[in-house]
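For reference, the structure discussed in these notes is given below.
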Amino acid sequence: MTAEAVTSRPRIVLDCDPGLDDAIAILTAAHFGELLGITTVNGNVGIEHTTHNALATAQVAGLDVPVHRGAARPLIAPTMDAARIHGATGLGDVTLPGLTRSVASTDAVAFLCDTARSIDDLHLVAVGPLTNVALALRRDPDLRSRLAGLTIMGGGAHAGNVTPVAEFNVWADPEAAAIVFNEAAPLTMVGLDVTHKVLLGGDEAARMRSTGTPAAGFAASLLDFAYARCREFGLEAAPVHDATAIIAVTHPHLFRRSNHPVAVELHGEHTRGMTVTDVRPPAAIAAEAAPPPVHDVVWDADASAVIDLIVEAVVSY
Ligand code: RIB
Ligand code: CA
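One gets the working numbering by counting positions in the sequence shown from 1 and adding 56 to each.
So this is what it looks like as structure tokens:
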């Protein structure tokens with residue numbers, strides 16, 4: 057299985073929890089793809105903030121893209137956020153002028169299902185907790201077959217961030233992630249293995265800011281905040297996780313990937329939310345009575361090319 061053949065501008069619905077890197081992903085998706093809609097989910101911060109932030113990002117970039125509000129809490133897990141990374145509002149310390157946009161609906165799941173039924177070349181890209189996608193699978197069990205591609209920013213074969221082995225989007229709603237990994241194969245997992253290699257910092261913020269446009273200045277300010285928080289954790293630059301997932305859809309040739317069974321751990325005291333990726337030889341996996349579904353796992357990228365594309369998108373508005 058390789059990356060689905062991608063048209064020059066893939067038609068994308070972006071499910072997200074803006075979020076600093078989600079906002080940059082919105083700008084990236086609208087530049088390199090045909091962004092049909094944005095659905096919001098509780099994640100980095102609460103649904104009120106993630107929805108406001110999606111609307112504000114579309115507004116500052118002048119994007120004519122509908123925003124549909126989604127799930128306000130995980131399926132079962134307690135609601136946890138990442139405000140210590142993204143700031144209390146989810147957009148760092150950035151304040152945007154008065155929001156004039158409003159949501160197209162408060163039923164993101166209906167929008168996801170209806171759009172998947174109405175066109176046959178839809179790429180669903182989910183860069184937050186998978187609550188909306190899991191609920192959409194419950195509403196339409198054939199959802200995956202209606203999609204040209206399903207790509208998530210989430211998980212990691214050999215990496216974690218909120219725990220030593222779990223990545224935030226999967227960890228925040230592991231039951232939803234388990235439904236998606238078990239019932240919507242194959243998906244492309246753009247996990248921390250690769251997103252931790254696509255790092256933006258002061259140079260990229262300066263490149264963005266040099267154009268002087270409101271959207272580029274907005275993105276540069278988000279990056280400044282992310283970069284400062286990363287330095288507090290001893291990192292030299294900020295991984296722009298979600299925009300990397302967009303580039304994996306629009307420019308798949310820049311990524312190294314392979315196919316492996318992946319299972320989401322739900323019960324481990326130390327491993328809940330882990331995407332357990334089986335990298336053993338096929339013969340060993342074939343000996344398993346019921347191996348987990350196989351997914352397209354992304355391991356590496358031409359990071360400098362990905363970074364240049366993200367900057368190119370941000371400065372294009
Ligand atoms: O672990 C990184 C992911 O969690 C990104 O999607 C970021 O926005 C946060 O949601
Ligand atoms: Ca996100």
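Note that beta-carbon positions come from the ideal geometry of N, C-alpha and C, so glycine has one too.
beta-carbon Gly99 near ligand 2 non-hydrogen atom, thresh 8 Å: Here residue 99 corresponds to residue number 43 of the sequence shown, with the count starting at 1. Answer for Gly99: yes, Cβ within range of ligand 2.
DSSP beta-bridge partners of Phe289: Within the sequence shown, residue 289 is the residue found at index 233, counting from 1. According to DSSP, Phe289 bridges with nothing at all.
Contact test: Asp196 Cβ vs ligand 2 heavy atom, cutoff 8 Å: Residue mapping note: residue 196 aligns to position 140 of the sequence shown, counting from 1. Asp196: no, Cβ never under 8 Å from ligand 2.
Near ligand 2: His297 beta-carbon under 8 Å from a heavy atom: In the sequence shown, residue 297 corresponds to position 241, counting from 1. Yes, the beta carbon of His297 sits closer than 8 Å to at least one heavy atom of ligand 2.
Neighbourhood of Ile132 by C-beta, 6 Å cutoff - its chain only, sequence neighbours within 5 removed: Along the sequence shown, read from residue 1 onward, the residue named residue 132 stands at position 76. Correct list, in chain order: Glu231.
C-alpha gap between Leu278 and Thr96, whole angstroms: Here the question's residue 278 lines up with position 222 in the sequence shown. Here the question's residue 96 lines up with position 40 in the sequence shown. If you take the alpha carbons of Leu278 and Thr96, they lie about 19 Å apart.
Inter-residue CB distance, Val370 and Leu83 (contact presumed, cutoff 8 Å): Residue 370 sits at position 314 when you count from the first residue of the sequence shown. Residue 83 sits at position 27 when you count from the first residue of the sequence shown. The pair is a contact, with the Cβ atoms about 5 Å apart (cut-off 8 Å).
Boundaries (first-last residue) of the beta strand (DSSP E) holding Ile374: Absent from the structure is residue 374, since the part of the chain shown begins at 57 and ends at 373.
Alpha helix (DSSP H) runs contained entirely in the segment 266 to 345, provided each spans 4 or more residues: 270 to 288, 297 to 306, 338 to 342
Asp352 - partner residues in DSSP beta bridges: Looking up residue 352 in the sequence shown gives position 296. Under DSSP, Asp352 takes part in a beta bridge, and its partners are Thr244, Asn315.
Inside the segment 124 to 174 only - alpha helix (DSSP H) runs reaching at least 4 residues: 139 to 142, 164 to 174
Short Cβ contact (9 Å threshold) for Ala294 with Ala282: The residue labelled residue 294 in the question sits at position 238 within the sequence shown. The residue labelled residue 282 in the question sits at position 226 within the sequence shown. Going by C-beta atoms, Ala294 is nearer than 9 Å to Ala282.
Proximity test, Val183 beta-carbon vs ligand 1 heavy atom, cut-off 8 Å: By 1-based counting over the sequence shown, the position of residue 183 is 127. Result yes, Cβ under 8 Å from ligand 1.
Rounded straight-line distance, which links the Cα of Ala204 to that of Asp71: Reading the sequence shown from its first residue, position 15 is the one you call residue 71. Reading the sequence shown from its first residue, position 148 is the one you call residue 204. Looking at the two C-alpha atoms, the distance is approximately 16 Å.
Val183 in three-state terms, based on DSSP: Within the sequence shown, residue 183 is the residue found at index 127, counting from 1. Shown here, Val183 sits in coil according to DSSP, grouped into three states, outside any helix or strand.
Short Cβ contact (9 Å threshold) for Ala319 with Val181: As a first step, residue 319 is located in the sequence shown; it is residue number 263 there, counting from the start. As a first step, residue 181 is located in the sequence shown; it is residue number 125 there, counting from the start. Taking 9 Å as the Cβ cut-off, Ala319 and Val181 do not qualify as a contacting pair.
Rounded C-alpha distance that separates Ile68 from His87: Here the question's residue 68 lines up with position 12 in the sequence shown. Here the question's residue 87 lines up with position 31 in the sequence shown. Taking the straight line joining both Cα atoms gives about 11 Å.
Extent of the continuous beta strand (DSSP E) run through Glu90: Within the sequence shown, the letter at position 34 stands for residue 90. Here the beta strand (DSSP E) through Glu90 covers 90 to 96.
Contact check, Phe224 vs Asn100, beta carbons under 9 Å: The residue given as residue 224 occupies position 168 in the sequence shown. The residue given as residue 100 occupies position 44 in the sequence shown. The Cβ atoms of Phe224 and Asn100 sit closer than 9 Å to each other.
Residues of its chain near Thr156, where Cβ-Cβ distance is below 7 Å and the 5 sequence neighbours each way are ignored: Numbered from 1 along the sequence shown, position 100 holds the residue referred to as residue 156. Excluding sequence neighbours, Thr156 sits near Gln115.
Contacts around Asp298, its chain only, beta-carbon distance under 6 Å, and the 5 residues preceding and following it disregarded: If you number the sequence shown from 1, residue 298 lands on position 242. Cβ within range, chain order: Asp77, Asp78, Ala81, Val183, Met209.
Residue burial classification, Ala144 (beta-carbon count within 10 angstroms, cutoff 16): Walking along the sequence shown from the start, residue 144 turns up at place 88. Answer is exposed; the Cβ neighbour count stays below 16.
Opening and closing residue of the alpha helix (DSSP H) in which Thr207 lies: Numbered from 1 along the sequence shown, position 151 holds the residue referred to as residue 207. Judged by DSSP secondary structure, Thr207 falls outside any alpha helix (DSSP H) and instead within the beta strand (DSSP E) spanning 205 to 209.
Close Cβ partners of Phe274 (< 6 Å) along its chain, the five nearest in sequence each way excluded: Residue 274 sits at position 218 when you count from the first residue of the sequence shown. Closer than 6 Å at Cβ, skipping near neighbours: Val116.
Where Arg65 falls: helix, strand or coil (DSSP): As a position in the sequence shown, residue 65 is number 9, starting the count at 1. DSSP places Arg65 in coil when its eight states are reduced to three.
Cβ distance (whole Å) where Ala127 is taken to contact Thr187 below 8 Å: Here residue 127 refers to the residue found at position 71 when the sequence shown is read from its first residue. Here residue 187 refers to the residue found at position 131 when the sequence shown is read from its first residue. Going by Cβ atoms, the distance from Ala127 to Thr187 rounds to 4 Å, so yes, they are a contact pair.
Coil, strand or helix - Ala59 by DSSP: Within the sequence shown, numbered from 1, the residue matching residue 59 stands at position 3. At Ala59 the pLDDT is 49, less than 50, meaning the model places this residue with poor confidence; the figure from the coordinates comes in the next sentence. Correct three-state label for Ala59: coil.
Cβ shell of Ala233 (< 6 Å), same chain only, five flanking positions each side left out: Numbered from 1 along the sequence shown, position 177 holds the residue referred to as residue 233. Only Leu186, Val226, Val320 meet the Cβ criterion.
Euclidean distance between Cα positions of Arg65 and Gly93: By 1-based counting over the sequence shown, the position of residue 65 is 9. By 1-based counting over the sequence shown, the position of residue 93 is 37. Each residue's alpha carbon lies about 14 Å from the other.
Near ligand 1: Glu368 beta-carbon under 8 Å from a heavy atom: Within the sequence shown, the letter at position 312 stands for residue 368. Not under cutoff, so the answer is no.
Residues sharing a beta bridge with Leu256, DSSP: Start at 1 with the first residue of the sequence shown, and residue 256 comes out as number 200. DSSP, once it has assigned bridges, lists Ala294 as partnering Leu256.
C-alpha gap between Leu91 and Ala343, whole angstroms: Taking the first residue of the sequence shown as 1, we reach residue 91 at position 35. Taking the first residue of the sequence shown as 1, we reach residue 343 at position 287. Each residue's Cα considered, the two are about 42 Å apart.
Helix, strand or coil at Ala85 [DSSP, three-state]: In the sequence shown, the residue the question calls residue 85 occupies position 29. Residue state for Ala85 is assigned as helix, using DSSP reduced to three classes.
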